[in-house]
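Residue numbers (the working numbering), protein chains in the order written: chain A, 15 to 417; chain B, 15 to 417.
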C-alpha cells in the first residue's frame, strides 16, 4: 500500500475517532452520513478501530426514522495521558483520561530544587512512577512558555526564569519514556484544550488568551492551530502596544506582556507597596491572588488596579480580533482569576475601539476550565495527537499492556 | 457517488493540477510519486483531466533512470481570467492567462465618474466587453480593500473614499456575468499571487504586506490563507502600534495604517509643504511617487522622510513576525516603490527589536511583480479557485465555447 493511501486510511480513522469524540455514542449510519463516507467504507474503518481496541460497540440505540441500530463509542477511560505544564516558577503534572478529566494533579515548585537540572531529574522520576503505575498511559503532552522555537527545541524568552532558556525540551524528554512526548507552546496547548473540551459552538475558530506569568495566545482557525513557519506564531505577548513603551527581554518595546502579566502586576504591587501588604515576599501567583481577593472584597485601590490591568487586557483583545478574527476568545490562566471587573474593563476598551460588526460577533469569556487545569492544555496536546493517529497509539497501548 | 467521494476525486484532480502548475511538464510516474497516488489512480485522474481539456499530453520526456515517458502539461494560455482591483481612488482591470501573465491592463480613475454607482456601471460594461471578446475567460477575481466583511459583503473602513462602504460587492457582482466571481481582501489576494507566481522556496508560508492607500496583510500558512471566522483576519493596518496614538476611522487608536500608508505620507507632505512642491494638487500615488523620486535623486529631506516611514514599516514587520511567523514577507504596492532606503530603514528596526533567531530566519523583500500588477492578486484569487475545482471550470469553459 502506498504511503499516501495508508495516510488516507489513517486520516479516515482519525475522522471517525474525532466524530465519536465530539458526538458521543453514534451509529455507523450517523457517522457515514456526517462524514460523507460510504457504508462499506465505514464498516471497514470501524472494524479496524474495534479490532485495535480504540472503540467498542454498545447496545442498540435509536437511529433515524425510529430504526434501531448498534451504537459505537470511544471509551474515555481506556487510555490515559500525562500533561506537563512548565511555567516560570512551577511545574504541574496531571494524569488525564481521554475526555480531559484530571485523575490527579501534582505540583512542583521549581524554586524547591537547587537547579533546573535537578527539577528536570525530579520531573522525570515522577513521570516514570506514574507510567509504571498506569499502563494505560499512551502519550505525554508538554506545554512550555512561548515563544517556543520548535526547530531549536527551546523557549526564547522566559523573563523571570532565565535558566529555562538553556533547556532543550526535545533533547531532554522526546526519548525519555516508553511513550511519545509532544511539546507545544503553552497558550496553543490551551487553545487545543478549548477545542477538545470546551464549548461546542466555536470549536474550530477560537483563541485562547493566556495571561499568566507570561502573556500568550493560541489560535485555532478552521480546526487547525496557527503555528507559523518555526512554530512561534500568535505571540501576542510580544506584539507591541506602544512602540515607544517599556523595553522587553525579547528586544522589542512596549510588549503587551510588560503591562498585564502576573509578573507585571506583581511588580506594580511591589512598587506601590500599599495595596497588598508584603507583596515582595510573595510568589507572582500569591501576589495576584491577594490583589484579586481584595478587589473582590471591594477594596477601592485594588479594584482600580484590576480595572487598569483590564484596560491592557482589552488592548490585547483588540489586536487579537484585528489580527486573527476568531469567533470566540477565552481568557485563561492566573490573571483571568480577577474575574468580572477585569473582563468588564477589557470589554469597555473593545467596545470603544473595535469595528462594531466585529465586536458584536466575537464572544469573549473567562475560561471555565477548573483553576488547576492550566495543565489540561498539556494533556490536550497529547490527546490531539492520539486522535490524529489512532492506530499508532493502539500499537503503543498493546505494547504497554504487554499483549 | 457520495458527495464526499466526489469531493475526494475533485481534490485529487486539484492536486494533480497544482503539481503541474508548480512543476511544469511532468510524467504520470513523477506525479504519482510526488503525490503518493497509485499508477492506476493517476491514470484515471489524468484521463479525466485530458478529456475535460484541462491538461494535454506532450511528446516524450526524460524520466527516471533514463526511461522515456509521455509528458503532461497544463496549457497556461487555454484559460483566461479577469482580475479587478478596487483601491480607494482607482479601479484596475486585467486580463490574465493561467500563469498570471497580464495580457492587458485597464485603469479607471474613480474620480472620473460622478458617483460610485457610475463607476460600477462603467466597470460592468468593460468586463462585459472583455468577456465578449475572449471566450476563454472562465472566472473573475476581485480584490477589495480590507477589512472586508465576507458575510455582509462590504468593506468596513475605506478612509479616503467613504462611499465604497455602501457597495455590497457580492450583490453587485456575484451574478452579473456568465462566469463565477470571487471576492477577496486585497492583501490576501496579493499573498495568493505570491503563492502562485512568486519564489518557489517559501510558497506555503509567506506574508504579503500591502502598503498602498491602505495598509493590509495576507498570510499563507501551510499552503492556506489565514481568513478568520468572518474573513477579517490579518488586518495589520488596524493593529495599534501605540494605544495612545492617532485616532483611526476603524475606532482604534494608533493603527499602523495612520503612519505609513500612501494616504498618511501624502498628508505628511501636504503638512510639510516644502519637500514635494504642490503635493496638495496631486493624487496619493502621484505625491508618493514624487517623494520617492526625490529621495532616489538624493534629496536629503525626502530621504529623511522615506527613512522615517521605513521605521513605521519596520514596526509593522515586527508585529507580522511575532503574530504570524512567516518564512518570507513580501512588501508590495505603492509604498514599496520607495525601494532600498525604505527597506533598509525597516530592517534596522527589525534587527533591533526581533528575537535574533526569528530575524535570521525571516526573509523580507520588496515585491518583484511588475509595478502595475497589484491587480495580479485579483487574478490570483480566480486562478486559485480554478486550481481547486478544475472540473467545475472545465464545464464553464465548454459552455463559454458553446460546445
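Every residue, glycine too, gets a C-beta built ideally from N, C-alpha and C.
Taking C-beta atoms as the reference points, residue 249(A) and residue 231(A) count as a pair closer than 9 Å. Annotation: residue 163(A) to residue 142(B) spans about 52 Å, alpha carbon to alpha carbon. Rounded to whole angstroms, the gap between the alpha carbons of residue 40(B) and residue 195(B) is 31 Å. Using beta-carbon distances, residue 351(B) does not count as an interface residue toward chain A, since no partner is under 9 Å. With respect to the 9 Å criterion, residue 398(B) and residue 97(B) are not classified as neighbours on the basis of their beta carbons.
With respect to the C-alpha of residue 30(A), the residue from 303(A), 403(A) and 283(A) having the closest C-alpha is 403(A). Against chain B, the beta carbon of residue 340(A) has neighbours under 8 Å at 242 and 243, listed in chain order. Listed along chain A, the residues sitting closer than 7 Å to residue 255(B) by beta-carbon distance are 254 and 257. Using a CB distance cut-off of 9 Å, residue 250(B) counts as an interface residue toward chain A. Residue contact with chain B for residue 182(A): absent (no Cβ-Cβ distance below 9 Å to any residue of chain B). Taking the C-beta atoms as reference points, residue 268(B) is found no nearer than 9 Å to residue 274(B). In the DSSP assignment, the residues bridged to residue 235(A) are 219(A) and 238(A).
Annotated three-state conformation of residue 189(A) is coil, per DSSP. Put simply, the backbone Cα of residue 50(A) is about 14 Å away from that of residue 25(B). DSSP places residue 395(B) inside the alpha helix (DSSP H), whose first and last residues are 390 to 402.
The straight-line gap separating the alpha-carbon atoms of residue 279(A) and residue 56(A) is approximately 54 Å. Exclusion of the five residues before and after residue 154(B) leaves 95, 96, 97, 98, 141, 187, 191, 193, 194, 195, 196 and 396 as the residues of its chain whose Cβ lies within less than 8 Å of its Cβ. Put simply, the CB of residue 158(A) is far from chain B, with every gap to its CB atoms at 9 Å or more. Within chain B, 244 have C-beta atoms less than 7 Å from the C-beta of residue 375(A), given in sequence order. At least one CB atom of chain B sits nearer than 9 Å to the CB of residue 50(A). Rounded to the nearest angstrom, the gap between the Cα atoms of residue 125(B) and residue 299(B) is 14 Å. The C-beta distance from residue 35(A) to residue 401(A) rounds to 6 Å, short enough to fall under 8 Å. When C-beta atoms of the stretch 362 to 374 of chain B are compared with those of the stretch 326 to 338 of chain B, three or more pairs fall below 8 Å, so the two segments count as touching. Inter-residue distance for residue 73(B) and residue 88(B) is about 14 Å (C-alpha atoms, whole angstroms). Straight-line measurement puts the Cα of residue 32(A) at about 14 Å from the Cα of residue 23(A). Membership of residue 76(B) in any alpha helix (DSSP H) is not indicated; the residue belongs instead to the beta strand (DSSP E) covering 69 to 76.
Shown here, residue 311(B) sits in coil according to DSSP, grouped into three states, outside any helix or strand. Contact residues of the stretch 143 to 168 of chain B toward chain A are 161, 163 and 166 (C-beta to C-beta distance below 8 Å). Pairwise C-beta distances place the stretch 290 to 309 of chain A out of contact with the stretch 289 to 296 of chain B, as fewer than three of them are shorter than 8 Å. Taking a contact to require three or more Cβ pairs closer than 8 Å, the stretch 331 to 346 of chain A and the stretch 230 to 245 of chain A qualify as touching. About 18 Å separates the beta carbons of residue 357(A) and residue 372(A), which is beyond the 8 Å limit, so they are not a contact pair. Out of 168(B), 121(B), 37(B) and 128(B), the CA that lies nearest to the CA of residue 85(B) is found in 37(B). Taking a cut-off of 8 Å for Cβ pairs, the stretch 406 to 414 of chain A and the stretch 206 to 222 of chain A do not touch, as fewer than three such pairs fall below it. The DSSP-derived three-state label of residue 122(A) is strand. What residue 398(A) touches in chain B, judged by beta-carbon distance under 8 Å, is nothing: the nearest beta carbon there is about 16 Å away. Residue 320(B) is outside the set of residues whose beta carbon lies under 9 Å from a beta carbon in chain A.
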